[in-house]
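For any residue, its number in the working numbering is found by taking its place in the sequence shown, counting from 1, and adding 1.
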Amino acid sequence: MTRLICVSSGKGGVGKTTVTSNLGSALTEFGMDTLVMDTNLTNPNLGFHLGIPLYPNTLHDVLRDEAHITEATYIHNSGLRVVPAGLSVDDLKDTNPEELGDVLLDAVGEPEFVILDSAAGLGQESVNSIEASDELIVVTNPNLPAVTDALKTAKIAEDAGTHVLGVVLNRMKGHDSELSVGEVEDMTGYPVVAEVPEHDVVDEAIAKKSPVVHHAPDHHVSERFRKLAADLAGIDYVPERRREGIFDRIRSFFG
Ligand SMILES: Nc1ncnc2c1ncn2[C@@H]1O[C@H](COP(=O)(O)OP(=O)(O)OP(=O)(O)O)[C@@H](O)[C@H]1O
Ligand SMILES: [Mg+2]
């Protein structure tokens with residue numbers, strides 16, 4: 002059965018698209034048939050993260066009944082299947098965002114996972130994505146405003162009957178001023194299912210139009226995403242590739 006998982010947040014820019022592309026890529030790596038979809042219809046950027054620049058058909062065309070979802074599905078060179086959204090302002094015309102649920106019915110069946118990259122905020126656009134999904138991952142950063150907004154997103158999911166899997170705590174810098182995992186769990190009432198550190202490799206990977214998991218497979222950031230994917234898929238995963246060896250440590254010590 003297809004699992005429909007929405008990746009959302011209250012606050013913008015916390016890392017939803019990064020989590021979507023990396024989770025999708027890691028699941029694909031584990032052999033799971035996975036489709037990621039950009040349901041951020043006003044400010045889509047999943048296509049940028051995955052280097053799918055010019056696409057004849059997008060989710061907007063599907064929502065306008067001008068294309069079938071299979072005609073708007075592209076394959077990243079990591080093997081991940083992607084449904085991008087249209088980039089132009091004109092794409093918003095005559096689009097029926099409320100048809101997302103019906104469109105998803107056409108997507109379910111074959112893939113094991115469909116992951117939706119949602120818009121930020123608590124507006125109708127993100128609510129559509131959350132309501133159309135069975136499960137929700139809330140992405141946040143370790144600060145009070147982001148966590149407060151994450152909580153509102155989780156509340157919307159609960160009201161919609163969408164199961165909240167937990168919180169991805171992204172961009173952790175290890176500063177004393179940050180909220181700890183325990184504090185975030187206490188505040189939200191949900192488990193932190195992944196802790197992802199702040200690292201330049203994320204921007205490097207976006208510049209290379211690839212998920213970090215694909216761009217830098219041995220990196221510890223990739224391992225965090227892989228572990229999240231394994232936990233979701235019920236796979237036992239012990240990070241093998243990178244046991245930080247003495248040479249790595251010496252190299253990072255000297256910068
Ligand atoms: N762990 C990280 N370390 C460093 N930079 C990160 C990390 N996660 C995300 N970023 C950076 O933060 C920016 C925003 O990330 P992303 O686009 O994934 O957020 P978003 O929540 O999807 O944003 P929006 O609300 O605009 O859709 C990007 O430039 C990305 O490279
Ligand atoms: Mg985004």
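Ideal Cβ placement from N, Cα and C applies to all residues, glycine included. In this text the structure is predicted, and so the values were computed from the model without any measurement.
Straight-line Cα distance separating E67 from D190
It is worth fixing the name first, because residue 190 is Gly in this sequence and not Asp. G190 and E67: Cα-Cα distance of roughly 42 Å.
Using a threshold of 7 Å, is the CB atom of T18 nearer than that to any non-hydrogen atom of ligand 2?
Yes, since a heavy atom of ligand 2 falls inside the 7 Å radius drawn around the Cβ of T18.
Output needed for L152: all residues of its chain with C-beta closer than 6 Å, excluding positions within five of it in sequence on either side, in chain order.
T189
So H230 packs on H216, CB below 8 Å; how close in whole Å?
The identity of residue 230 in the sequence shown is Ala, whereas the question assumes His. Actually they do not touch by this definition, with Cβ atoms about 16 Å apart.
If you check the beta carbons only, do T3 and G110 fall under 8 Å apart?
Inclusion of T3 and G110 in the CB contact set at 8 Å is warranted, their separation being smaller than that value.
Between V63 and H50, what straight-line distance do the alpha-carbon atoms span, to the nearest angstrom?
21 Å
So what's V141 in DSSP terms, helix, strand or just coil?
As written in the sequence, residue 141 is Thr, which differs from the Val given in the question. Residue state, collapsed to three classes: strand.
Rounded distance between the beta-carbons of V202 and V185, thought under 8 Å
Contact doesn't hold; Cβ gap of about 23 Å is too wide.
Status (buried if at least 16 other CB within 10 Å, exposed otherwise) for S181:
exposed
For the segment 150 to 217, list the beta strand (DSSP E) runs that are entirely contained and at least 3 residues long, ordered along the chain.
164 to 173 and 193 to 198
Within 8 Å, strictly: CB atoms of N211 and S79:
Per the sequence presented here, residue 211 reads as Ser, with Asn not at that position. Taking 8 Å as the Cβ cut-off, S211 and S79 qualify as a contacting pair.
Nearest-angstrom Cα distance between L123 and V15?
14 Å
Between the CA atoms of G32 and H221 - distance to the nearest angstrom
Near 21 Å, if we compare the C-alpha coordinates of G32 and H221.
Where do the ends of the beta strand (DSSP E) carrying D39 lie?
Start and end: T35 to D39.
Buried or exposed by the 16-neighbour rule on C-beta atoms within 10 Å, applied to K12
buried
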